[in-house]
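Step one of this worksheet: look at the structure below.
Number of protein chains: 2
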Amino acid sequence: MRLIVAANRLFHRQGLERSAIADIAREAAVPAGNVYYYFKTKEELVEAVIARRNAFIAAWLADLETEAAPRERLIRFVGEFERTSDMRARHGCPVGGLCHDANRLGGALASQARGAFELLIDWLRDQFAALGAEPGEARAGALHLLACLEGASLLAHSFADPSVMRNETARLKDWLEGYG
Amino acid sequence: MRLIVAANRLFHRQGLERSAIADIAREAAVPAGNVYYYFKTKEELVEAVIARRNAFIAAWLADLETEAAPRERLIRFVGEFERTSDMRARHGCPVGGLCHDANRLGGALASQARGAFELLIDWLRDQFAALGAEPGEARAGALHLLACLEGASLLAHSFADPSVMRNETARLKDWLEGYG
DNA sequence: GTCTATAGGCAGATAGAC
DNA sequence: GTCTATCTGCCTATAGAC
Numbered sequence: 134m135r136l137i138v139a140a141n142r143l144f145h146r147q148g149l150e151r152s153a154i155a156d157i158a159r160e161a162a163v164p165a166g167n168v169y170y171y172f173k174t175k176e177e178l179v180e181a182v183i184a185r186r187n188a189f190i191a192a193w194l195a196d197l198e199t200e201a202a203p204r205e206r207l208i209r210f211v212g213e214f215e216r217t218s219d220m221r222a223r224h225g226c227p228v229g230g231l232c233h234d235a236n237r238l239g240g241a242l243a244s245q246a247r248g249a250f251e252l253l254i255d256w257l258r259d260q261f262a263a264l265g266a267e268p269g270e271a272r273a274g275a276l277h278l279l280a281c282l283e284g285a286s287l288l289a290h291s292f293a294d295p296s297v298m299r300n301e302t303a304r305l306k307d308w309l310e311g312y313g
Numbered sequence: 134m135r136l137i138v139a140a141n142r143l144f145h146r147q148g149l150e151r152s153a154i155a156d157i158a159r160e161a162a163v164p165a166g167n168v169y170y171y172f173k174t175k176e177e178l179v180e181a182v183i184a185r186r187n188a189f190i191a192a193w194l195a196d197l198e199t200e201a202a203p204r205e206r207l208i209r210f211v212g213e214f215e216r217t218s219d220m221r222a223r224h225g226c227p228v229g230g231l232c233h234d235a236n237r238l239g240g241a242l243a244s245q246a247r248g249a250f251e252l253l254i255d256w257l258r259d260q261f262a263a264l265g266a267e268p269g270e271a272r273a274g275a276l277h278l279l280a281c282l283e284g285a286s287l288l289a290h291s292f293a294d295p296s297v298m299r300n301e302t303a304r305l306k307d308w309l310e311g312y313g
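Listed in order, the protein sequences are those of chains A and B. Each residue of the first sequence is one higher than the one before, counting from 134 in the numbering used here. Each residue of the second sequence is one higher than the one before, counting from 134 in the numbering used here.
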């Protein structure tokens with residue numbers, strides 16, 4: 134659906150609230166009123182965007198599983214954040230930004246947006262567990278790794294400086310190399 | 134100024150855009166139109182709030198300097214985030230949230246909001262330097278520590294779970310104990 | 001200086017022609 | 001199914017009484 138793709142891009146660049154239906158429709162090259170033929174409300178459109186994103190994340194994590202060793206999976210995971218440093222410096226983390234926005238709106242949107250974090254944390258926890266970490270420590274490691282990457286994305290965005298992001302991914306890779 | 138205090142609280146809880154002038158005025162128990170006697174525009178009010186916050190941060194950092202050893206200063210720094218775990222789980226990090234919002238609005242607001250991060254990073258960098266870190270590593274350590282705390286605040290807020298925050302602060306304290 | 005009423009503009013949502 | 005015109009409501013900002 135072109136509308137979902139357009140909305141996805143605008144939500145990342147401008148946030149949920151500043152992305153007007155008219156903007157999204159223009160970006161998708163469809164008439165403004167037409168949006169309501171496909172989605173009853175703006176919230177429904179947001180839900181569709183989040184569902185699509187979460188599906189992408191699940192597919193990405195499944196793809197990382199083709200890498201045999203958990204350590205290399207984690208390093209590849211971090212590598213994806215490094216690869217997208219420029220995008221993160223320009224527009225922030227898509228997942229973190231959406232969660233932030235959704236947290237403010239509250240309700241069903243917030244819990245659906247949080248779903249992306251849940252997918253990531255559960256997957257990361259499994260990798261740390263496969264590296265021999267105790268259950269509690271595996272989850273703590275997962276939270277720590279994601280917190281570093283999200284925090285670095287926020288700082289990189291605030292300073293419009295991708296090197297902040299690369300700094301942190303390098304640090305995390307070192308940590309993972311010596312983990313366990 | 135009562136208006137600035139009220140605005141500060143609402144900006145933290147609801148974000149910049151969702152905090153209407155009327156809301157702020159009600160919170161401060163002054164008539165809505167009155168706000169424009171003190172501030173020409175909403176942006177000017179936001180600037181006043183940010184200036185006040187940054188002054189508080191500068192004062193806090195100066196206060197931490199009374200602690201003699203840099204390691205204990207850093208541990209106290211992290212301890213302040215631990216102490217405010219519940220607040221962070223409920224409303225997110227005030228600094229991070231404001232920066233996120235201001236980044237989206239762009240312009241003068243974004244750079245002023247970023248000023249809080251600059252204060253924190255410069256101070257942290259000095260402490261790591263005092264612990265014997267090379268200049269580059271001191272700054273990297275500062276960015277890493279702040280990224281962890283900001284990322285943990287975002288995750289704690291998304292899951293409405295303060296233990297995520299406490300988990301990360303405990304981890305950071307361990308790291309600082311063995312640093313250098 | 002303090003307050004009320006309201007102008008002006010924009011965004012979400014709808015009605016109804018085609 | 002597709003599109004235009006418009007309603008409704010909210011928010012910033014102002015005008016002007018007191």
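Even glycine gets a Cβ: it sits at the ideal position worked out from N, Cα and C.
On the CB-based measure, 16 or more other CB atoms within 10 Å of its CB, does residue i come out buried or exposed?
{"i": "S284 of chain B", "result": "Before going on, a small fix: residue 284 of chain B reads as Gly here, not Ser. Buried, since its Cβ has 16 or more Cβ neighbours within 10 Å."}
{"i": "M134 of chain B", "result": "exposed"}
{"i": "E301 of chain B", "result": "buried"}
{"i": "F189 of chain B", "result": "exposed"}
{"i": "R206 of chain A", "result": "buried"}
{"i": "P164 of chain B", "result": "exposed"}
{"i": "A273 of chain B", "result": "buried"}
{"i": "E215 of chain B", "result": "buried"}
{"i": "A275 of chain A", "result": "buried"}
{"i": "R299 of chain B", "result": "buried"}
{"i": "G148 of chain B", "result": "buried"}
{"i": "I265 of chain A", "result": "The identity of residue 265 of chain A in the sequence shown is Gly, whereas the question assumes Ile. G265 of chain A should be labelled exposed."}
{"i": "A161 of chain A", "result": "buried"}
{"i": "G166 of chain B", "result": "exposed"}
{"i": "G240 of chain B", "result": "exposed"}
{"i": "A89 of chain A", "result": "Residue coverage of chain A in this structure runs from 134 to 313, which leaves residue 89 of chain A outside it and unanswerable."}
{"i": "P268 of chain B", "result": "exposed"}
When the Cα of residue i is compared with those of the options, which residue comes out closest?
{"i": "D234 of chain B", "options": "B:N300, B:W308, B:I157, B:E176", "result": "B:E176"}
{"i": "V297 of chain B", "options": "B:M220, B:A266, B:Q260, B:R237", "result": "B:M220"}
{"i": "L194 of chain B", "options": "B:I254, B:A273, B:Y171, B:A165", "result": "B:I254"}
{"i": "Q245 of chain B", "options": "A:D259, A:S291, A:A263", "result": "A:S291"}
{"i": "A270 of chain A", "options": "A:V179, A:A201, A:Y312", "result": "The amino acid occupying residue 270 of chain A in the given sequence is Glu; Ala does not appear at that position. Comparing Cα positions, the closest option is A:Y312."}
{"i": "F172 of chain B", "options": "B:I137, B:A191, B:P203", "result": "B:I137"}
{"i": "K319 of chain A", "options": "A:E150, A:P268, A:E251, A:E213", "result": "Only positions 134 to 313 of chain A appear in this structure, which leaves residue 319 of chain A out of reach."}
{"i": "Y170 of chain A", "options": "A:I154, A:P295, A:E198", "result": "A:I154"}
{"i": "L231 of chain A", "options": "A:I183, A:W308, A:D196, A:E200", "result": "A:I183"}
{"i": "R304 of chain B", "options": "B:C281, B:D294, B:S286", "result": "B:C281"}
{"i": "L178 of chain B", "options": "B:S152, B:D196, B:A191", "result": "B:S152"}
Give a yes or no on whether 8 Å exceeds the smallest Cβ distance from residue i to chain B.
{"i": "V297 of chain A", "result": "yes"}
{"i": "H145 of chain A", "result": "no"}
{"i": "F292 of chain A", "result": "yes"}
{"i": "A285 of chain A", "result": "yes"}
{"i": "A275 of chain A", "result": "no"}
{"i": "G229 of chain A", "result": "yes"}
For residue i and residue j, which I take to be in contact (beta-carbon distance under 8 Å), what is that distance rounded to the nearest angstrom?
{"i": "L257 of chain A", "j": "L279 of chain A", "result": "7 Å"}
{"i": "I157 of chain A", "j": "A139 of chain A", "result": "5 Å"}
{"i": "A249 of chain A", "j": "V228 of chain A", "result": "5 Å"}
{"i": "R186 of chain A", "j": "N236 of chain A", "result": "Not really, about 16 Å apart at Cβ, beyond 8 Å."}
{"i": "R159 of chain A", "j": "H224 of chain A", "result": "About 19 Å separates the two Cβ atoms, so there is no contact after all."}
{"i": "R209 of chain A", "j": "E200 of chain A", "result": "6 Å"}
{"i": "V211 of chain B", "j": "L309 of chain B", "result": "7 Å"}
{"i": "E150 of chain B", "j": "E150 of chain A", "result": "5 Å"}
Alpha helix (DSSP H) containing residue i: first to last residue?
{"i": "A139 of chain B", "result": "135–147"}
{"i": "L264 of chain A", "result": "Unbroken run through L264 of chain A: none, as it is neither H nor E."}
{"i": "A312 of chain A", "result": "Note that residue 312 of chain A is Tyr in the sequence shown here, rather than Ala. Taken as a continuous stretch (DSSP letters only), Y312 of chain A belongs to no alpha helix (DSSP H), as it is neither H nor E."}
{"i": "D234 of chain B", "result": "227–238"}
{"i": "E160 of chain B", "result": "154–160"}
{"i": "D294 of chain A", "result": "Taken as a continuous stretch (DSSP letters only), D294 of chain A belongs to no alpha helix (DSSP H), as it is neither H nor E."}
{"i": "R209 of chain A", "result": "203–216"}
{"i": "F172 of chain B", "result": "Run containing F172 of chain B: none; DSSP gives neither H nor E here."}
Residue i CB to nearest chain A CB: under 8 Å?
{"i": "R206 of chain B", "result": "no"}
{"i": "G265 of chain B", "result": "no"}
{"i": "G225 of chain B", "result": "yes"}
{"i": "F250 of chain B", "result": "yes"}
{"i": "R151 of chain B", "result": "yes"}
{"i": "L282 of chain B", "result": "yes"}
{"i": "R304 of chain B", "result": "yes"}
{"i": "G116 of chain B", "result": "This structure gives no information on residue 116 of chain B, because the portion of chain B shown stretches from 134 to 313."}
{"i": "G240 of chain B", "result": "no"}
{"i": "L309 of chain B", "result": "no"}
{"i": "L257 of chain B", "result": "no"}
{"i": "N300 of chain B", "result": "yes"}
Run the proximity test for residue i: is its beta-carbon closer than 7 Å to any non-hydrogen atom belonging to the ligand ADP?
{"i": "A153 of chain A", "result": "In terms of ligand content, the structure shown is empty, and the ligand ADP therefore cannot be addressed."}
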